[in-house]
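Quick note on our numbering: the sequence shown kicks off at 351 and runs consecutively. All C-beta atoms in this analysis are idealised placements derived from N, C-alpha and C, irrespective of residue type, glycine included. Structure first, then comments.
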Amino acid sequence: MRNRSNSGVRLDYYQRLLNKTILKYQNPVTGLIPSSEENSHAWVRDNVYAILSVWALALAYRKTADLDEDRAKAYELEQSVVKLMRGLLRCMMTQVEKLEKFKHTQHVDDSLHAKYCSQTGRTVVGDKAWGHLQVDATSLFILSLSQMTASGLQIIFTLDEVSFIQNLIFYIETAYRTPDYGIWERGDKTNHGLPELNSSSIGMAKAALEAINELDLFGARGGPLSVVHVLPDEAQQCQAILHSMLPRESNSKEVDAALLTVISFPAFAVDDYEKVEETRDTIMLKLEGKYGCCRFLRDGYKTAQEDPNRLHYEPWELQVFERIECHWPMFFALSVLDGLFNGNKEQVKKYAEKLDSVLLKTDEGIYVLPELYTVVKDKVELEYRTPNSQKREAIGKIPHKWGQSLYIISKLVQEGFLSPGELDPLNRRLVSEPKPDIVVQVVILAEDEYIQSKLLEHDIKVQTMDEVRPLQVFPARVLTQIYSLLGRNKKLGLTGRPKNEIGLLATSKLYTFHDQILAFIPQMADEHQFYLPKDTLLKLDMFANDMGFLSSYWRYLGRPLVIFPVSTNLNYLDVGHNPPGALIGTIKKLQSGYIAGTRVHLGNLADFVTTSCITKLSFLRDPSHGEEVKKFIGDIFNKAPDIRPRLLSSTRMRPRPRSHSRSSVHGIVRRSRSIQVDPDQAQERGSSQSSLQESLKRLERGMTIPDIEYPREYPMPQHPSSPSLHLKGSLHPLHYSHQAPCSSPQLSHFFHQGGLPPGKQESISINELVEQLSNTEVLHEQADIIHYLYLHRGPDWEIKIDGRKCCINELLVELYEKAGHWKHWGLVRHTAGLLKKRVEELALAATDLLVRQKQLSVGLPSDREKVIMRPLPPDDLAKIIFEACGEDLSTASLTQELLIYLAMFIRTEPKLFNEMLRLRVGLIIQVMASELARTLKCSGDEASEHLLNLSPFEMKTLLHHILSGKEFVINTEQKPNFMQSQNLILDDRNLSLMQKSIPNLDPEELEKEDDVESDRQGQWLRRRRLDGALNRVPVGFYPRVWKVLKMCHGLVIEGHNLPHSLTREMTPGEFKFALHVEIVLNKIPQPEYRQLMVEALMVLTLMAENDAGKLQFSQLIQVDRIVQMANTIYLKDQKIPIDVVERSRGAAGICLHFYDTAPSGRFGTMSYLCRSLATILPIPIDKDANLDCTLS
351 MRNRSNSGVR LDYYQRLLNK TILKYQNPVT GLIPSSEENS HAWVRDNVYA
401 ILSVWALALA YRKTADLDED RAKAYELEQS VVKLMRGLLR CMMTQVEKLE
451 KFKHTQHVDD SLHAKYCSQT GRTVVGDKAW GHLQVDATSL FILSLSQMTA
501 SGLQIIFTLD EVSFIQNLIF YIETAYRTPD YGIWERGDKT NHGLPELNSS
551 SIGMAKAALE AINELDLFGA RGGPLSVVHV LPDEAQQCQA ILHSMLPRES
601 NSKEVDAALL TVISFPAFAV DDYEKVEETR DTIMLKLEGK YGCCRFLRDG
651 YKTAQEDPNR LHYEPWELQV FERIECHWPM FFALSVLDGL FNGNKEQVKK
701 YAEKLDSVLL KTDEGIYVLP ELYTVVKDKV ELEYRTPNSQ KREAIGKIPH
751 KWGQSLYIIS KLVQEGFLSP GELDPLNRRL VSEPKPDIVV QVVILAEDEY
801 IQSKLLEHDI KVQTMDEVRP LQVFPARVLT QIYSLLGRNK KLGLTGRPKN
851 EIGLLATSKL YTFHDQILAF IPQMADEHQF YLPKDTLLKL DMFANDMGFL
901 SSYWRYLGRP LVIFPVSTNL NYLDVGHNPP GALIGTIKKL QSGYIAGTRV
951 HLGNLADFVT TSCITKLSFL RDPSHGEEVK KFIGDIFNKA PDIRPRLLSS
1001 TRMRPRPRSH SRSSVHGIVR RSRSIQVDPD QAQERGSSQS SLQESLKRLE
1051 RGMTIPDIEY PREYPMPQHP SSPSLHLKGS LHPLHYSHQA PCSSPQLSHF
1101 FHQGGLPPGK QESISINELV EQLSNTEVLH EQADIIHYLY LHRGPDWEIK
1151 IDGRKCCINE LLVELYEKAG HWKHWGLVRH TAGLLKKRVE ELALAATDLL
1201 VRQKQLSVGL PSDREKVIMR PLPPDDLAKI IFEACGEDLS TASLTQELLI
1251 YLAMFIRTEP KLFNEMLRLR VGLIIQVMAS ELARTLKCSG DEASEHLLNL
1301 SPFEMKTLLH HILSGKEFVI NTEQKPNFMQ SQNLILDDRN LSLMQKSIPN
1351 LDPEELEKED DVESDRQGQW LRRRRLDGAL NRVPVGFYPR VWKVLKMCHG
1401 LVIEGHNLPH SLTREMTPGE FKFALHVEIV LNKIPQPEYR QLMVEALMVL
1451 TLMAENDAGK LQFSQLIQVD RIVQMANTIY LKDQKIPIDV VERSRGAAGI
1501 CLHFYDTAPS GRFGTMSYLC RSLATILPIP IDKDANLDCT LS
């Protein structure tokens, strides 16, 4: 047992140290601590860090209290903590209007202020006069509030304050897509006020969200209404983005010492031990010095070279701060705490000694920690020559309250007064401990008894929706409505949680309300929103991915529960009303206990109640919601789940006679397309149609639609509340008279030429169009007419069809459902665009790409292309996409679709995106269409229509092939019965990604074909076009270009200059530098020429890496001259006749044969580029005129 007198004396010393360095500054009215005696500004972050040591000492006194005096000291210190935390809370609550606005805008001007007056609690500067948006500061307040409440302090007193804290959670939960000014308040390191996405902010937000979840803010005295709720997907999104960014801090900062607070005390936000080690090692390798750590590379704050008369830096002057950055000793204190928490005694000893060496002793004998150490002006040149060689001077705030607090906490733990667990009552430090394997519980629910019986024929026993009662099952959007009530407070003017989509983790829980147990169907199964779930193959593929996601990210008590509905909307049934083989195969895998490498347990819903994670919806009981909210809750729970109205009649329909005349707006949907294919990349068809098109026409002319008699036991009833149908339509949209042949849904009607001549719009009779719409049963004619009426009369214009009134928007919805029903994906995408449908996870998908150092551009290049450089709210992102695509609404839908697939790939196969800086979605669409044109040997227009009519799963597979560079073939197979349309099948030569087989394929023949095609002409030309279009560069390309710039005055590419000054502004690993290089390369319109430029730059980088510092060029290097000279040398070597050269000129005048040459080898492009380089650049030679080659 510890000696009472010794421990008491030592604790009294630390109390005196606290009083002298921190508590003596605390304002008696507001409880806030100013930055200094001369400056009354109180920063939120600094105040929280400063008071942590007071809380720690209170815990130490409480732990060792033997006398009333000790208990009194503990209580006194605790009340100082409560006073400060409540002072900060009061300051933030005065800005409740800004909090409410920020939840919806995430705009920097709507953020809570970062500092307040310590005397009055009011704001001290304007909204735009400071970088107030600092998510890490607000998150640190929430995290510390949670830990202190868990330790026994009561800081929150009223339910109104609980509501405010709940809304603070909504404030920080979008940290993963909210650029802020970061822990150092200045954003981009040039200090021009540019916010960035910061790892330290995301990590602190993630820790705060996890810490406060399900915490009762009234402590042991609380009830259901004082509990705070966090949706698990918000923390997971922060975690995923954080892991992808570390050890990088932001776009302008390769690494930042502030990440120590994220990987260790106080956040403990990273659960991957290897990522923690990597981040710690990177910080110490690049930032550690004798007196502390630099904040980040080229940090000019308080250095001798900084101009004190301005806050910002000129880009060129950042290099002068290199090697003389100030050292911050508080990072030694953080390193000591890190060692104490992870049990590394050597680390504790090492950094404790370093920390003691940088302490200063005051006249009163008190040890204080200064803010930073700087190199004095007359020693700067010596420090440049030999880093860490000069003695530094302590400047800034002495003591630095933030650092002083961390020093005191480290000493309390070192001397045994506190254990690490007592500073972390919520056990955040255990986040990286190994977790048990997750078993995902899966429930298959049939919509009705018919589906149930069909599955039973395959020995699959499932329950129907009705059989699971009294448990209630709802779609995910109902949970979104429920959680919109969370945090509502009329007195404060708070409207609760924004109606953002609910994620998979949230729907994998069970929920209780009074005596009811609620389960929710995942968002990916909801066909009410976007059209992707209408494709069964894609839906099953996403389901398998979701199983892996849950096994990786589930961190909660109980097992995750996923409900997979099988509905009667024919998405799960083939033409004979049998479940498709892919569905049966997936369920069989679930029955085996494993799918996609994840352990699963298939069973009934009632069996999983005791083993699932259950959350109480206690906030619904809040009496302050009023009668209106109570009625809203009642409506949610009392009404039956939405059943999608059936748009097609179940009765057997005979074809009706129809007019032989073509609609006056025929083809208007086709003319809204804007996808262009480079004619040089598509095969010229000449005067005759390709063999594919001839076969399509023959099939179209000879198609017959047999009458189908559907089983009587399956009447396909309409829901009683379903509206009457307005559009005519049979069981199949091609059920028409043979007297008027028309294209099938799978065969594009857009092969017909003609349409609306210029100036004819005025002569079109609206009444005639409405009459045609009433009479036609052909899907494409309906689409053309509705599209015209939508454009010229608007979505709310009312018409009469068969005596029934309806508006254009209703017809659009019905057309969307019919097209989706028959899997006519081109019309589905077009009508989804007209309806302005937005994919649920659009913002998250874009963020997943952006934070992984990928910029996005949408819209077809180059007129409408818009660049997205930072995460945006979902509605803003959708608006940009629709604006970029203009009238081509099909491409707007396809753009959203591709963003989802790109995000899926970058999460699961990040190697596909190696060295691709900007993802130009519009250009990717063009590449996909051109690849179809090349493979199908058809025109660009036909290829674009084929592209738009691919199913979502086929679209995803084609995109994967394009990204991976694999060869693919497109075959056609005929569907049975009346579905005789041609179906495009993508077949991977190496991996069978498609779930469709190609019959009569001999493996030996395939091998022979591969051998022939491997040497075919055009292989390297195609490869360069693809890589150029995808903006793909070699590994480590941008840091290598930085080295080339370092040795010359600049690089000129097609008249655009990359100046040497960029190396003074940016470090080699900065994302900003890579972006500058990419902008210049993107000025080259021809992708194959762009790729030759990249190869030329690689030759220059090899020279820069191997010259051992001998070469320096006092001139601009013309990269395009190197490429042109290499082409000239190639033509001379190959002795190609002049007439052949003229016929084979490609982009920028380069010979097509040169484009089609492999990079490596004696006669490869790299060899010719090296020879060109030796010819153009003044490379030194010896006395015998020999060139010392450093490239070989």
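| Item | Value |
| --- | --- |
| Neighbourhood of Gln655 by C-beta distance below 7 Å, restricted to the same chain and skipping five residues each side | Val670, Phe671, Ile674 and Val730 |
| Alpha carbon of Arg1284 to alpha carbon of Leu1309, nearest angstrom | 16 Å |
| Distance between Leu1267 and Tyr1518 (C-alpha atoms, nearest Å) | 27 Å |
| Pick from Tyr526, Lys636, Ser602 and Arg536 that is closest to Ala585, judged by C-alpha positions | Tyr526 |
| Rounded separation between Tyr364 and Phe958 - CA only | 53 Å |
| Expected contact under 8 Å - CB spacing of Lys453 and Trp393 to nearest Å | Lys453 to Trp393, Cβ: 23 Å. No contact. |
| Cut-off 8 Å between Cβ atoms - residues of its own chain near Asp1225, not counting five sequence neighbours on either side | Arg1188 |
| DSSP-derived helix/strand/coil call for Val578 | coil |
| Burial state of Met1219, where buried means 16 or more other Cβ atoms lie within 10 Å | exposed |
| Contact belief for Gly771 with Met680 at Cβ below 8 Å, rounded distance in angstroms | Going by Cβ atoms, the distance from Gly771 to Met680 rounds to 23 Å, so no, they are not a contact pair. |
| Spatially closest choice to Tyr425 from Ser386, Leu503, Pro1302 and Tyr734, by CA coordinates | Leu503 |
| Length-filtered (4 minimum) alpha helix (DSSP H) runs lying within the region 1380-1426 | 1387-1396 and 1412-1415 |
| Inter-stretch contact at 8 Å, needing at least 3 Cβ pairs: the region 658-667 / the region 695-715 | no |
| Where Gln456 falls: helix, strand or coil (DSSP) | coil |
| C-beta atoms of Leu768 and Ala406 nearer than 8 Å | yes |
| Own chain, CB closer than 7 Å to Leu836, minus 5 neighbours either side, in chain order | Gln516, His579, Gly846, Arg847 and Phe969 |
| Cβ neighbours of Ser357 in the same chain (closer than 8 Å, five flanking residues each side left out) | Thr414 and Phe767 |
| Buried versus exposed call for Leu361 [16 or more other C-beta atoms within 10 Å across all chains shown] | buried |
| Close Cβ partners of Ile1250 (< 8 Å) along its chain, the five nearest in sequence each way excluded | Leu882, Val1189, Glu1191, Leu1192 and Ala1195 |
| Within 8 Å, strictly: CB atoms of Glu604 and Leu647 | yes |
| Rounded distance between the beta-carbons of Leu805 and Val916, thought under 8 Å | 7 Å |
| Strand pairing of Phe1513, partner residues [DSSP] | None, per the DSSP bridge assignment. |
| Chain-order list of residues whose beta-carbon lies under 8 Å from that of Leu690 (same chain, five-residue window excluded) | Val698, Ser760, Val763, Gln764 and Pro770 |
| Entirely enclosed beta strand (DSSP E) segments - the region 1224-1275, minimum 3 residues | 1268-1270 |
| Residues sharing a beta bridge with Leu722, DSSP | Ile745 |
| Cβ neighbour criterion (16 or more within 10 Å) applied to Arg472 | exposed |
| Nearest-angstrom beta carbon gap, Leu1298 and Gly1176 [assumed within contact, 8 Å] | 4 Å |
| Any alpha helix (DSSP H) of 4 or more consecutive residues that is wholly inside the region 804-852 | 826-833 |
| Leu780 - partner residues in DSSP beta bridges | BP columns for Leu780 are empty, so no partner. |
| Rounded straight-line distance, which links the Cα of Ile1472 to that of Ile1526 | 7 Å |
| Short Cβ contact (8 Å threshold) for Tyr757 with Ala856 | no |
| Cβ contact (3+ pairs, closer than 8 Å) linking the region 1195-1208 and the region 1160-1173 | no |
| Pro665 in three-state terms, based on DSSP | helix |
| C-beta contact flag for Val1491 and Leu1481 at 8 Å | yes |
| Three-pair Cβ contact test at 8 Å for the region 936-951 versus the region 542-560 | no |
| Sequence-distant residues of its chain with Cβ nearer than 7 Å to Ser1314 (five each side left out) | Leu1262 |
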